[in-house]
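Taking the working numbering, the leading residue of the sequence shown gets 232, the next gets one more, and so forth.
Cβ atoms here follow ideal geometry from the backbone N, Cα and C, with glycine treated the same way.
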Amino acid sequence: MAPARPNSPSSIPASPVQTGAATAGELALSKVTSHLGYFRWVICALLLLGTTKNYMDRNVLGVLRVTLQHDLGWNEIDYGNLVIVFQAAYALGMLVVGWLVDRLGTRLGYALAMIFWSLASMGTALASSLMGFAVSRFALGFGEAAVFPASIKAVAEWFPKKERALATGIFNSGTNVGAMLAPVVVAWISGRWGWRGAFVGIGSLGFVWLAFWLIIYRKPGEHPRVSQAELDYIRSDPQDDLAKTKWVSLVPLRQTWAFAVGKFLIDPVWWFYLFWMPGFFQTKHGLSLMRVGPPLIAIYVIADAGSVAGGWISSFLIKRGRSINAARKLAMLACAIGVTPVIYAYRAESTWSAVLLIGLAAACHQGFSANLYTVTSDMFPAQAVGSVTGIGGMAGAVGGLLIAWVVGHVLQWTGSYMIPFFIAGAAYLVALGVIHVLAPRLEPARIT
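Right under this line is the structure:
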């Protein structure tokens, strides 16, 4: 007999006894949850810090773009090619590290990735040619690909479904924190020790995080700080026992493609913000490296709020009785609509008008992304989440590779940001439409 879908109501009416039992169960659960421990949120904070570090590393080049173009004689296409190299490595890394995290486990997989990409970030200081930068950016992109497969897998291990979107939104807000801190820290370090010092200083922070990760992280069932009540709560959405998942068995599934196509369409927009916004404000609004920090900080503070709010919306709707399918997609729809005004950002005369338009779009991106990441754990068992996230991340990186080529050539040929901002405003509604066609009910995948 096929198992009932978790999102579909039973066709058999509940008896008064069943209704009373369900009500009593809910009351008992509320009493239990009021006495739960909260160590899972410590894990979430650790994931937040890891994502912050990840985005500080990848943002150093974007913040220093104008400086390096001046010092090393790069043009827009040269810079775009460096972004393409990073994206190609990130795409390749997603295929490898997503699978590797599932095989090695979250703790060891994430630790090895942090070591690798931190050394790659520090090694950029040794580069003196475009080829040298390309080699270091390739290594950085390959190592950084682990952050989301590992983090999503950790959330699947540590949180029940009703809290996963919120937890994902919180750790995903590290992308904004990292992008917000990077211009300030990079400007400060480079003003004292040059641009090479910025790569070394920020890269070395990874080893501080690594010490905390190795000390703190374990699976919930193995952790001495997790109470039995909290462990029972974490396991309140039991997964099918699936010891191993073959990567090739995930590729034909509609659920895998729903996530991958969504990432392919929306991730390029975020890469555009990360790698070109510092230069946008320097070239189009006349801001110096030391003055570009406040606008970027404002954008990513707004985006932080959107990341948490987007995850909270779907979690709130689920707790109010909406299905997982409806909750995730309503939250994504609200975000997709909220993005659209960014198509006018290139025309904004005022710096702060552009900041508000881009900040709103970045917030909606993060809210959309938090829910999109969470649907992997809605549709797949925890043992397969890392691999599925890796496949989707690869698709997103390929999309990022394409947008880097488009933006680099468009800016070199026209000097206008009109086309990139139009793409940024339209991508999310298209993505949601495709996701709904491929996974109309977010039903669990049947893995053979």
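**Report entry** Meets three-Cβ-pair contact criterion under 8 Å: the segment 523-531 and the segment 497-513
**Finding:** yes
Report task. Classify residue 358 as helix, strand or coil using the three-state DSSP reduction. Result -> Position 127 of the sequence shown, counted from the start, is the residue given in the question as residue 358. Here residue 358 sits in coil by DSSP.
**Report entry** Cβ contact (3+ pairs, closer than 8 Å) linking the segment 578-587 and the segment 659-677
**Finding:** no
Query raised in the report: From which residue to which residue does the alpha helix (DSSP H) around residue 468 run?
Result: The residue you call residue 468 lines up with position 237 of the sequence shown. Careful: residue 468 lies outside any alpha helix (DSSP H) and carries neither H nor E.
Query raised in the report: Looking only at C-alpha atoms, which of 268, 456, 654, 276 sits nearest to residue 575?
Result: Position 344 of the sequence shown, counted from the first residue, corresponds to residue 575. Cα-wise, what sits closest to residue 575 is 654.
Query - Which listed residue (360, 341, 343, 444) has its alpha carbon closest to that of residue 304 - result: Within the sequence shown, numbered from 1, the residue matching residue 304 stands at position 73. Residue 360 is the option with its Cα nearest to residue 304.
Query raised in the report: What do you get for residue 424, buried or exposed, if any count of 16 or more other CB atoms within 10 angstroms of its CB means buried?
Result: If you number the sequence shown from 1, residue 424 lands on position 193. The residue is exposed, with fewer than 16 neighbouring Cβ atoms inside 10 Å.
Query raised in the report: Quick one: is residue 568 buried, meaning 16 or more other Cβ sit within 10 Å of its Cβ, or exposed?
Result: Counting from 1 along the sequence shown, the entry for residue 568 is found at position 337. Exposed is the call here.
Query raised in the report: In the structure shown, what three-state DSSP assignment does residue 420 receive?
Result: The count along the sequence shown starts at 1 and reaches residue 420 at position 189. Helix at residue 420.
**Report entry** Secondary structure of residue 499, DSSP reduced to three states
**Finding:** Numbered from 1 along the sequence shown, position 268 holds the residue referred to as residue 499. Note: residue 499 maps to helix in three-state DSSP.
Query - Distance, residue 308 Cα to residue 640 Cα - result: Walking along the sequence shown from the start, residue 640 turns up at place 409. Walking along the sequence shown from the start, residue 308 turns up at place 77. So the alpha carbons of these two residues sit roughly 6 Å apart.
Requested in this report: Could you pull the start and end residues of the alpha helix (DSSP H) that residue 521 belongs to?
Outcome: Here residue 521 refers to the residue found at position 290 of the sequence shown. Per DSSP, residue 521 belongs to no alpha helix (DSSP H) and is neither H nor E.
Report task. With residue 284 as the anchor, note down where its alpha helix (DSSP H) starts and where it stops. Result -> Your numbering for residue 284 matches position 53 in the sequence shown. Residue 284 -> alpha helix (DSSP H) spans 270-294.
Query raised in the report: Helix, strand or coil: which one does DSSP assign to residue 640?
Result: One-based indexing of the sequence shown puts residue 640 at position 409. Three-state result, residue 640: helix.
Query raised in the report: Grouping DSSP H, G and I as helix and E and B as strand, with all else coil, what is residue 305?
Result: Numbered from its first residue, the sequence shown carries residue 305 at position 74. Coil at residue 305, not helix or strand.
Query raised in the report: Does the beta carbon of residue 477 fall short of 8 Å from some heavy atom of the ligand MN?
Result: Questions concerning the ligand MN fall outside what the structure shown contains, since it holds no ligand whatsoever.
Requested in this report: Can you grab the Cα-Cα spacing for the pair residue 228 / residue 465, in whole Å?
Outcome: Here the chain covers residues 232 to 679 and nothing more, so residue 228 does not appear.
Query raised in the report: Among 407, 311, 461, which one has its Cα closest to the Cα of residue 592?
Result: Counting from one through the sequence shown, the residue named residue 592 turns up at place 361. When only C-alpha atoms are compared, the closest one is 407.
Report task. Report the three-state DSSP secondary structure of residue 429 (helix, strand or coil). Result -> Your numbering for residue 429 matches position 198 in the sequence shown. Three-state DSSP puts residue 429 in a helix.
Report task. Kindly list the residues whose CB is nearer than 8 Å to the CB of residue 257, restricted to its own chain and excluding five residues on each side of it in sequence; keep chain order. Result -> If you number the sequence shown from 1, residue 257 lands on position 26. Its pLDDT being 44, under 50, residue 257 is placed unreliably by the model, and the measurement read from it follows with that caveat. For residue 257, where only same-chain residues beyond five positions count, there are no Cβ hits under 8 Å.
Query - 6 Å Cβ shell around residue 437 - same chain, five flanking residues per side excluded - result: Position 206 of the sequence shown, counted from the first residue, corresponds to residue 437. Only 284, 345, 349 meet the Cβ criterion.
Requested in this report: Counting only runs of 4+ residues fully inside the segment 516-587, write out the alpha helix (DSSP H) ranges in chain order.
Outcome: 524-550, 555-570
**Report entry** Coarse secondary structure for residue 647, derived from DSSP in three states
**Finding:** What you label residue 647 is simply residue 416 of the sequence shown in a count that begins at 1. Here residue 647 sits in coil by DSSP.
Query raised in the report: Considering only residues of the same chain and omitting the five flanking positions on each side of residue 548, which have a CB-CB separation below 6 Å?
Result: Locating residue 548 in the sequence shown gives position 317, where the first residue counts as 1. Counting only Cβ-Cβ distances below 6 Å, and skipping sequence neighbours, we find 558.
Report task. Please list, in chain order, all residues of the same chain as residue 252 whose beta carbon is under 8 Å from its beta carbon, the five residues on each side excluded. Result -> What you label residue 252 is simply residue 21 of the sequence shown in a count that begins at 1. Low confidence applies to residue 252: its pLDDT is 42, below 50, so where it sits in the model is not reliable, and the reading given next is rough at best. So no residue of the chain qualifies.
Query - N-terminal and C-terminal residue of the alpha helix (DSSP H) that residue 400 is part of - result: What you label residue 400 is simply residue 169 of the sequence shown in a count that begins at 1. Unbroken alpha helix (DSSP H) run through residue 400: 392-403.
**Report entry** Nearest-angstrom Cα separation, counted from residue 393 out to residue 551
**Finding:** Taking the sequence shown and counting its residues from 1, one reaches residue 551 at position 320. Taking the sequence shown and counting its residues from 1, one reaches residue 393 at position 162. Whole-angstrom Cα-Cα distance: 11 Å.
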